[in-house]
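Heads up, the thing below is written out as structure tokens.
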Amino acid sequence: MTATDIIIAGGGLAGSMAAAMLGRAGYGVTLVDPHEAYPSDFRAEKVDISQAAILRKTGLADGVLRATTADGECWVARMGHVVDRRPTSQFGFLYETFVNAMRAEIPLGVRFINAKVTDISTSADRQRGNSAGRAVHPWQGCRHLAER
Ligand SMILES: Cc1cc2nc3c(=O)[nH]c(=O)nc-3n(C[C@H](O)[C@H](O)[C@H](O)COP(=O)(O)OP(=O)(O)OC[C@H]3O[C@@H](n4cnc5c(N)ncnc54)[C@H](O)[C@@H]3O)c2cc1C
């Protein structure tokens, strides 16, 4: 059994961001996810300027936005002709690149369980999460994942 302050089930964008922020804040964090590196997944191709402003408040934006492409301008085409050019401030990415860049921000003290959470139970003094377990190990750091 692994004792921890906080267990996070799922290391997608939300879970990885929570692990990075809570780990940096000094909590004992355990992140559980069946994938060592977030796998290829077609979705969430951009954040806009308002989302980027929220991301900046987390202190994680510098590293994560480096893995994106800022567009700057959007061309609108109809019937094969460019009819408008609009300034934009969006950051484009492949979802897995973005999540793995977020995972790269997770500090080394965070524990990683490479498994699925199979059930969660609570009581007045103890919360327990079971996993169909594989390895439990300290977060190795995954800066290399941001480059995949
Ligand atoms: C087609 C599409 C396009 C989108 N485009 C945009 C966009 O352009 N901009 C935008 O802001 N949003 C977009 N979204 C929404 C965005 O993708 C989601 O809001 C966001 O990805 C949700 O992140 P998450 O961390 O909650 O979930 P996920 O990233 O799905 O992460 C869930 C994690 O949980 C893990 N997991 C699942 N079950 C278990 C278990 N039992 N135990 C442990 N781990 C588990 C999975 O392995 C995964 O790593 C889009 C969504 C779709 C579907």
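Going by the numbering used here, the letters in the sequence shown line up with residues 8 to 155, in that order. Each residue gets a CB set at the ideal place from its N, CA and C atoms; glycine is no exception. Computed from a predicted structure; not experimentally measured.
Close-in-space but distant-in-sequence residues of the same chain around residue i (CB under 7 Å, 5 per side omitted)
i           : result
residue 91  : 83
residue 106 : 19, 20, 23 and 45
Contact check, residue i vs residue j, beta carbons under 8 Å
i           : j           : result
residue 95  : residue 74  : no
residue 59  : residue 98  : yes
residue 128 : residue 135 : yes
residue 18  : residue 110 : yes
residue 102 : residue 48  : yes
residue 108 : residue 71  : yes
residue 12  : residue 35  : yes
Close beta carbons around residue i, own chain, < 8 Å, minus the five adjacent residues each side
i          : result
residue 80 : 92, 93, 94 and 95
residue 9  : 37, 118, 120 and 143
Residues bridged to residue i (per DSSP)
i           : result
residue 126 : 137
residue 53  : 99
residue 77  : 98
residue 85  : 88
residue 15  : 38
residue 121 : 40
residue 93  : 81
Cβ-based neighbour list, residue i, same chain, cut-off 6 Å, excluding 5 preceding and 5 following
i          : result
residue 89 : 82
residue 15 : 22, 25, 26 and 38
residue 51 : 102
residue 77 : 98
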